[in-house]
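A quick write-up on the structure given underneath.
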Amino acid sequence: MIRIALATLLLAAALPAAAQNRGALRAACQADFAKNCPGIKPGGGRLVACMREKQASFSDGCMEALRTARAQRQGQ
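Residue 7 in numbering that gives the first Met the number 0 sits at position 8 of the sequence shown; the count goes up by one each step and never skips.
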């Protein structure tokens with residue numbers, strides 16, 4: 000079990016930051032988008048528009064992940 004955890008940490012450290020951000024966003028927000036924006040296809044800004052429209056319904060964890068990703072993107 001410890002070996003698996005260590006391997007996961009090493010793999011995460013080796014991944015580019017952008018991929019880690021996408022994974023974190025997906026983990027934090029996937030359920031929120033499924034609940035609040037069902038049937039909305041990615042692309043063309045449709046998911047962003049849905050999220051802005053229903054922002055109050057998104058979880059604190061998802062919103063924090065979005066703020067963190069935005070801050071990291073602006074810092075690059």
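Glycine included, every Cβ here is placed at the ideal spot set by N, Cα and C.
Residue i (DSSP reduced to helix, strand or coil)
i     : result
Cys36 : coil
Ser56 : helix
Gly44 : coil
Ala26 : helix
Within 7 Å, strictly: CB atoms of residue i and residue j
i     : j     : result
Cys61 : Cys49 : no
Backbone CA spacing between residue i and residue j [nearest angstrom]
i     : j     : result
Ser58 : Asp31 : 7 Å
Ala70 : Arg21 : 14 Å
Ile39 : Glu52 : 13 Å
Arg45 : Ala23 : 20 Å
Cβ pair count under 8 Å reaching 3, the stretch 57-70 against the stretch 22-37
yes
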